[in-house]
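Anchor point for the sequence shown: position 217 equals 217 in the UniProt record's numbering, and the numbering is continuous, going up by one each time.
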Amino acid sequence: MSDVEGDSARSAGTGTGSSGAPSQLSANLTERLESVAALGDPVRRVVYQALQRSGDALTRNRLAEVTGIAASTLLFHLEKLVDAGLLTVEFRKLGERSGPGSGRPAKLYRLAQAEVAASIPDRRYDLAAELMAAAIDTSIRDNTAIEQALTQTAYDAGHRLGLKAGSMEGVLDGTGYEPYPDGEGGFLLHNCPFHRLSRSHAEVVCGLNGALLTGALEGSGDAEYAVTPDPDGPYCCARITRLAQPSI
Numbered sequence: 001m002s003d004v005e006g007d008s009a010r011s012a013g014t015g016t017g018s019s020g021a022p023s024q025l026s027a028n029l030t031e032r033l034e035s036v037a038a039l040g041d042p043v044r045r046v047v048y049q050a051l052q053r054s055g056d057a058l059t060r061n062r063l064a065e066v067t068g069i070a071a072s073t074l075l076f077h078l079e080k081l082v083d084a085g086l087l088t089v090e091f092r093k094l095g096e097r098s099g100p101g102s103g104r105p106a107k108l109y110r111l112a113q114a115e116v117a118a119s120i121p122d123r124r125y126d127l128a129a130e131l132m133a134a135a136i137d138t139s140i141r142d143n144t145a146i147e148q149a150l151t152q153t154a155y156d157a158g159h160r161l162g163l164k165a166g167s168m169e170g171v172l173d174g175t176g177y178e179p180y181p182d183g184e185g186g187f188l189l190h191n192c193p194f195h196r197l198s199r200s201h202a203e204v205v206c207g208l209n210g211a212l213l214t215g216a217l218e219g220s221g222d223a224e225y226a227v228t229p230d231p232d233g234p235y236c237c238a239r240i241t242r243l244a245q246p247s248i
């Protein structure tokens with residue numbers, strides 16, 4: 001599974017819930033916003049930028065030397081950056097000595113590899129780019145039509161998201177579709193994660209979107225729903241409808 005798919009599926013089960021009340025923000029978007037907000041503090045920005053420039057992990061004392069901020073002050077801010085997922089911690093012995101008597105390993109801080117970005121409404125241009133790049137690779141490698149490759153790539157990615165989330169609502173919420181109950185057992189999608197792309201490339205993006213949702217639906221096992229095109233919808237080109245239940 002890609003990092004993007006993992007991020008999307010992480011917030012499964014945080015949708016509208018049985019009460020029918022829409023969630024304020026998906027758990028995934030909330031997490032990203034909190035990471036960005038952590039850099040609102042000027043001390044944390046200085047620390048983050050110092051680690052960017054160093055290109056390596058640094059101890060708290062070394063960061064104090066580089067930034068001119070007291071090591072005692074840095075401790076609180078470093079832990080906040082770790083909690084926000086912006087830094088990672090590692091322990092290793094510094095210097096040439098090793099073995100017994102060489103001292104305890106030092107605690108070092110390093111920039112986390114994950115990229116952090118957030119937007120409101122939630123946009124997933126990273127997911128669209130990943131799917132399109134993978135489809136181009138497939139098309140070149142297998143000599144298949146790009147449209148066919150994109151449809152299959154999006155379907156497969158959606159299927160993995162559905163398996164991970166375990167419910168269609170979890171996929172919708174975690175990927176930023178903002179599902180709202182439609183009053184008939186289905187969901188209206190009040191956000192398009194690929195909005196700007198869909199304005200200029202509607203046929204391509206809506207095809208990708210439909211394949212992604214179809215794969216997610218089948219992967220989640222929610223057999224009571226169907227993905228229905230909604231080309232005139234105000235937010236998204238698809239909606240999730242509830243299938244008629246057979247009468248007993």
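Here a beta-carbon is modelled for each residue, glycine too, at the ideal position from N, C-alpha and C.
If you compare alpha carbons, which of 235, 66, 134 is closest to residue 192? Taking the Cα of residue 192 as reference, the smallest distance to any Cα among 235, 66, 134 is reached at 235.
For a test of the three-state rule: what should DSSP assign to residue 110, helix, strand or coil? DSSP places residue 110 in strand when its eight states are reduced to three.
When the Cα of residue 129 is compared with those of 153, 219, 94, which residue comes out closest? Relative to residue 129, the option among 153, 219, 94 whose CA is nearest is 153.
For residue 87 and residue 58, believed in contact at Cβ under 8 Å, the rounded distance: For residue 58 against residue 87, the beta-carbon gap comes to about 10 Å, at or over 8 Å, which does not count as contact.
Round the Cβ separation of residue 132 and residue 240 to the nearest angstrom and send it over; I've been treating them as touching at under 8 Å. That pair is no contact at about 24 Å.
Identity of the residue in 51, 202, 237, 180 nearest residue 113 by Cα: When C-alpha distances from residue 113 are compared across 51, 202, 237, 180, the shortest belongs to 51.
Taking the beta strand (DSSP E) that residue 240 falls in, what are its first and last residues? In this chain, the beta strand (DSSP E) harbouring residue 240 covers 238-242.
With distance defined between alpha-carbon atoms, name the residue in 44, 215, 163, 242 nearest to residue 182. Residue 242 is the option with its Cα nearest to residue 182.
Ends of the beta strand (DSSP E) at residue 91? Counting along the chain, residue 91 sits inside the beta strand (DSSP E) bounded by residues 87-92.
Cβ-based burial, residue 155 [other Cβ within 10 Å; buried from 16]: Buried, since its Cβ has 16 or more Cβ neighbours within 10 Å.
Thinking C-beta only, is residue 109 closer than 9 Å to residue 82? Cβ atoms of residue 82 and residue 109: closer than 9 Å.
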